[in-house]
Amino acid sequence: MDCFLTLNLKLLKHHSPPFLKKMPFTSPANFADNSLSQPLPSLQCGTILQSLTNIKSLTKGQQLHAYIITSGNLRNNTYLSTKLAALYATCGHMTDAQMIFNGIVLKNSFLWNFMIRGYACNGFSVKALVLYKQMSSFGQNADKFTYPFVIKACGDLLHVELGRRIHGEVVLTGFGSDIYVGNSLTAMYSKFGDIRSARIIFDRMPVRDITSWNTMISGYVKNGKPKEALAIFYLMKQTGLSADGMTLVGLLCACAELAALKQGKEIHGYVVRNGNALCVDFLMNSLIEMYFNCNCLVDVLKLFEKMARKDTVSWNSMISGYARNTYAFESLRLFCRMILEGAKPDQVTFIAVLGACDQITALQFGMSVHSYLVKKGFGATTIVATALIDMYAKCGNLACAHSVFNETPEKNLICWSVMISGYGIHGMGREAVSLFHEMIKNNIIPDEGVLTSVLSACSHAGLVAEGKEIFYTITKDYDVKLVLAHYSCLVDLLGRAGHLDEAYKVIKTMEINPSSDIWAALLNACRLHRNVEIAEISAKKFFDLNAKQVGGYICLSNIYAAEKRWDDVERVRMLIREKGLIKPPGCSFVELDKMVHRFLVGDKSHPQIENIYTKLKQLNQLLKEVGYKPDTSSVLYNVDEEFKEKMLWDHSERLAIAYVLINTSPGTIIRITKNLRVCGDCHTVIKLISKLMCREIIMRDIRRFHHFRDGFCSCGDYW
DNA sequence: TTAACCCCGC
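Here's what the structure looks like:
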């Protein structure tokens, strides 16, 4: 009784007038007196339950439920049970709803519809359809309230066949002309990717409301037709309808897709002018997305700072937006701010944050996110576990990646895929191949992506026979189409192993047109095996297909420089200049005491720079004593040897290693990340340092990991 | 009672 009284009338004050009007009492005070003196009649309980359902108030509903049970009102009361089931279903508490539902003998269509809606709107599409089937076998006919949710369930399940059948049923029973049914059908076909059918339904609707238009607009955006989305909006305006919040969300998505900043800003202006009339929270988040997609990072920050109510999605949009635009530092900084300001991170936040960690190899940061996840009791869903595995693998801690993988009970294709590619980038090809076979044994059907991962693992580890076997069974054993990435891996595999002619032959006999990536793989193989002839062919093809990417030019200059063909080196340099391309400066990261330090090539800006150069000088001396001879072939300038050697000691990875050597105790593992490929001389130097200083050095370059230990590298010198 | 809703893993 008491607890029900606390259901009290705060509710009445805060919520909608219709609720008040429906109440048979004149004032809140009156109601309290009444309920104390005599029990509430079930009709009134029903009215309140309905109001609670309207505002989705689960806790108050549960209190009322308890009251109804103690007052004995529930016995044989189909009316109240039905209302209670409706309340639980609306709040998504399907177990409770189902229990009450099971106890009701006389099920009316109202009850069936609420249950179906509850399942369909809370991610249990299959259950919704099962219930729909039961409904008809109970002799209860579906009506215009049933169909929208049954259709929604078909759409969410992408069950095209059933969706079409129900569409037919709707036409036969005459509900096809209902506006809600029409809107649901439009949405369903657009989820199926069948935007033409969606449009036909839309065009044939006798009456259309704002939702019909919104459904078409967002349907076009989701089907990759942003221009059509804008076009149909102009048609909508001609009918005299004006945009609501949902319309603008769709339009902003279209602008984001088209990077149409001007139109996006117009919408922003419209939102500012009509803010109160629109559902502002959603819109702000869509604006953030739009600005990120248009690369307007200044505008996006201004907008975000001005937002009065930042919800989890706003934070998530910012964190993932920065991460997507390669601003991983900003992304992590914002995540810290989010926690400090007391906002509640969710699964989406963690996925974005872990993705940012792997961009800059922030292993310690990633680990604290992991422990935060454990502490806060975030049940490790497969999706978060997968992000963790990926983060650990890409931050160089394969042991942790593997232990998270082992602890994940329900591994899906992506989860296996991430672990396999983790082994691949660490040069552990045999483990990758055996995990791939284990995956098949677990009845997971491989897709293009996982086949790419396993092929790439073979190429990094030089497993030519294994890689070829997998490549040639792809189309035979599984229903997977060969894509460019597969060819790219095969060429890489053959090329690295020195089978340049065979690799070239693969390209010439490909069934699809080779992409620039594939020629880049061959070009790189030519650099490793010093084959100028095939290199020149590959480079030409590469430049034809991708004139803007500077990597190919640099690779070719490296090949010429190794042959001391300085005129050719100069010719390529001119080409780079003519095309206005910029060679990104070499840059390395290290993480120390949860801070990420960045070193540029020849960097003089670090506070400890003098100690660093002193350390490097010592190292150079030590290395020479054990017979190190600098390999200056990667220096693209025709200057004297002494100067070339000096330039090598400016390489960012050496600065980073020296910095860590100075600031950590003996034995600590050194982890570095570099934005470009490690050069041949640095590779040799790091091998020697690992031996002389007794340090394990784990280095991530643009493609993969190198584990240096005791004078050896895991890559077997195929850098 | 009724449809449309921003952020996410290879």
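When the count follows full-length UniProt numbering, it moves up by one through the first sequence with no breaks and lands on 719 for the last residue.
All C-beta atoms, glycine included, are put in the ideal place defined by N, C-alpha and C.
Would you identify the three-state DSSP class for residue 682, choosing helix, strand or coil? By one-based count along the first sequence, residue 682 stands at place 682. In the structure shown, residue 682 sits in a helix (DSSP, three-state: H, G or I).
Status (buried if at least 16 other CB within 10 Å, exposed otherwise) for residue 83: Counting from one through the first sequence, the residue named residue 83 turns up at place 83. It counts as buried.
Residue interval of the alpha helix (DSSP H) (run including residue 471): Start at 1 with the first residue of the first sequence, and residue 471 comes out as number 471. Annotation: the continuous alpha helix (DSSP H) that includes residue 471 extends over 464 to 477.
Using DSSP bridges, identify the partner residues of residue 706. As a working note, residue 706 is residue 706 in the first sequence. DSSP lists 699 as partners of residue 706.
Give the C-beta separation of residue 662 and residue 670 to the nearest angstrom, bearing in mind that I take them to be a contact with Cβ-Cβ under 8 Å. Looking up residue 662 in the first sequence gives position 662. Looking up residue 670 in the first sequence gives position 670. With a Cβ gap of about 11 Å, residue 662 and residue 670 do not count as contacting.
With residue 534 and residue 522 assumed to form a contact (beta carbons below 8 Å), what rounded beta-carbon distance in angstroms separates them? Locating residue 534 in the first sequence gives position 534, counting from the first residue. Locating residue 522 in the first sequence gives position 522, counting from the first residue. Right, the Cβ-Cβ distance comes to about 7 Å (below 8 Å), so this counts as a contact.
C-beta atoms of residue 623 and residue 688 nearer than 8 Å: Residue numbering aside, residue 623 sits at position 623 when the first sequence is read from its first letter. Residue numbering aside, residue 688 sits at position 688 when the first sequence is read from its first letter. A contact, by the Cβ cut-off of 8 Å.
Which stretch, first to last residue, makes up the alpha helix (DSSP H) that contains residue 145? For this step, residue 145 is matched to residue 145 along the first sequence. Note, residue 145: premise wrong, no alpha helix (DSSP H); not H, not E.
Please go through the same chain and pick out, in chain order, the residues whose beta-carbon is closer than 6 Å to the beta-carbon of residue 255, but skip the five residues on each side of it. Here residue 255 is taken as the residue at index 255 of the first sequence, counted from 1. Excluding residues within five positions, the ones whose Cβ falls inside 6 Å are 263, 264, 290.
Considering Cα atoms alone, identify which of 381, 428, 425, 426 is closest to residue 405. Position 405 of the first sequence, counting from 1, holds the residue named residue 405. Taking only the C-alpha atoms, the option nearest residue 405 is 381.
In the DSSP assignment, what residue or residues form a beta bridge with residue 587? Position 587 of the first sequence, counted from the first residue, corresponds to residue 587. Under DSSP, residue 587 forms a beta bridge with 600.
Measuring CB to CB, does residue 445 end up less than 8 Å from residue 418? Along the first sequence, read from residue 1 onward, the residue named residue 445 stands at position 445. Along the first sequence, read from residue 1 onward, the residue named residue 418 stands at position 418. In this structure, residue 445 keeps its C-beta atom at 8 Å or more from the C-beta atom of residue 418.
Mapping DSSP to helix, strand and coil, what is residue 138? In the first sequence, the residue the question calls residue 138 occupies position 138. The three-state secondary structure of residue 138, taken from DSSP, is coil.
Name the DSSP beta bridge partners of residue 673, please? Here residue 673 refers to the residue found at position 673 of the first sequence. Per the DSSP secondary-structure output, residue 673 pairs in a beta bridge with 589, 700.
Express the C-alpha separation of residue 129 and residue 78 in angstroms, rounding to a whole number. Within the first sequence, the letter at position 78 stands for residue 78. Within the first sequence, the letter at position 129 stands for residue 129. In a straight line, the C-alpha of residue 78 is about 24 Å away from that of residue 129.
Please determine, among 532, 700, 66, the residue with the shortest C-alpha to C-alpha distance to residue 424. Taking the first residue of the first sequence as position 1, residue 424 is located at position 424. Ranking 532, 700, 66 by CA distance to the CA of residue 424 puts 700 first.
Would residue 618 be called buried (16 or more neighbouring beta carbons within 10 Å of its own) or exposed? Residue numbering aside, residue 618 sits at position 618 when the first sequence is read from its first letter. Residue environment for residue 618: exposed (fewer than 16 other C-beta atoms within 10 angstroms of its C-beta).
From residue 369 to residue 629, what distance separates their C-alpha atoms? As a working note, residue 369 is residue 369 in the first sequence. As a working note, residue 629 is residue 629 in the first sequence. So the two alpha carbons sit approximately 44 Å from each other.
Thinking C-alpha only, which one of 452, 678, 391 is nearest residue 731? Nothing about residue 731 can be reported from this structure: the residues present for the chain run from 1 to 719 only.
Candidates 583, 55, 286: closest to residue 92 by CA position: On the first sequence, position 92 is the one that residue 92 refers to. Minimum Cα distance to residue 92 is reached at 55.
Segment contact flag, the region 320 to 330 with the region 354 to 361, C-beta cutoff 8 Å, min 3 pairs: By the Cβ test, the region 320 to 330 is in contact with the region 354 to 361, since at least three Cβ pairs between them sit closer than 8 Å.
Residue from 456, 233, 236 with nearest C-alpha to residue 485: Stepping through the first sequence from its first residue, residue 485 is reached at position 485. Residue 456 is the option with its Cα nearest to residue 485.
Whole angstroms are fine: how far does the CA of residue 126 sit from the CA of residue 116? Locating residue 116 in the first sequence gives position 116, counting from the first residue. Locating residue 126 in the first sequence gives position 126, counting from the first residue. The straight-line gap from Cα to Cα measures roughly 10 Å.
Of the listed residues 467, 396, 554, 188, nearest to residue 153 (C-alpha basis): In the first sequence, residue 153 corresponds to position 153, counting from 1. Comparing Cα-Cα distances from residue 153 to each of 467, 396, 554, 188, the minimum goes to 188.
Excluding the five sequence neighbours on either side, which residues of its own chain have a C-beta within less than 6 Å of the C-beta of residue 135, listed in chain order? Within the first sequence, numbered from 1, the residue matching residue 135 stands at position 135. Taken in chain order, the residues that qualify are 112.
Please identify the residue among 310, 260, 316 whose C-alpha is closest to the C-alpha of residue 295. Within the first sequence, numbered from 1, the residue matching residue 295 stands at position 295. Selected option, being the one with the closest Cα: 260.
What's the C-alpha gap between residue 317 and residue 281? Against the first sequence, residue 317 aligns to sequence position 317. Against the first sequence, residue 281 aligns to sequence position 281. Between residue 317 and residue 281, the C-alpha separation is close to 12 Å.
Considering only the alpha carbon of each residue, which of 498, 530, 483 lies closest to residue 518? Along the first sequence, read from residue 1 onward, the residue named residue 518 stands at position 518. Among 498, 530, 483, the Cα nearest to that of residue 518 is on 483.
Alpha carbon to alpha carbon, how far is residue 442 from residue 478? Give it in angstroms, no decimals. Indexing the first sequence from 1 puts residue 478 at position 478. Indexing the first sequence from 1 puts residue 442 at position 442. About 15 Å.
Provide the residue(s) that pair with residue 595 in DSSP beta bridges, ordered along the chain. Position 595 of the first sequence, counted from the start, is the residue given in the question as residue 595. Looking at the DSSP output, residue 595 shares a beta bridge with 592.
Based on DSSP bridge pairs, tell me the residues matched to residue 713. The sequence position of residue 713 within the first sequence is 713, counting from 1. Residue pairing of residue 713 in beta bridges, as defined by DSSP: 708.
Take residue 462 and list the residues in its own chain whose beta-carbon comes closer than 6 Å to its own, dropping the five residues that flank it on each side. One-based indexing of the first sequence puts residue 462 at position 462. Only 497 meet the Cβ criterion.
In chain order, each alpha helix (DSSP H) run of at least 4 residues that lies wholly inside the region 492 to 534: Counting only runs of 4 or more, we get 500 to 508, 516 to 528.
In whole angstroms, what is the alpha-carbon distance linking residue 702 and residue 587? By 1-based counting over the first sequence, the position of residue 702 is 702. By 1-based counting over the first sequence, the position of residue 587 is 587. One C-alpha to the other measures close to 11 Å.
Quick check on this structure: which residue in 145, 151, 107 has the alpha carbon closest to the alpha carbon of residue 137? Taking the first residue of the first sequence as 1, we reach residue 137 at position 137. Comparing Cα positions, the closest option is 107.
Do the CB positions of residue 591 and residue 361 come within less than 8 Å of each other? Position 591 of the first sequence, counting from 1, holds the residue named residue 591. Position 361 of the first sequence, counting from 1, holds the residue named residue 361. The answer is yes: Cβ separation under 8 Å.
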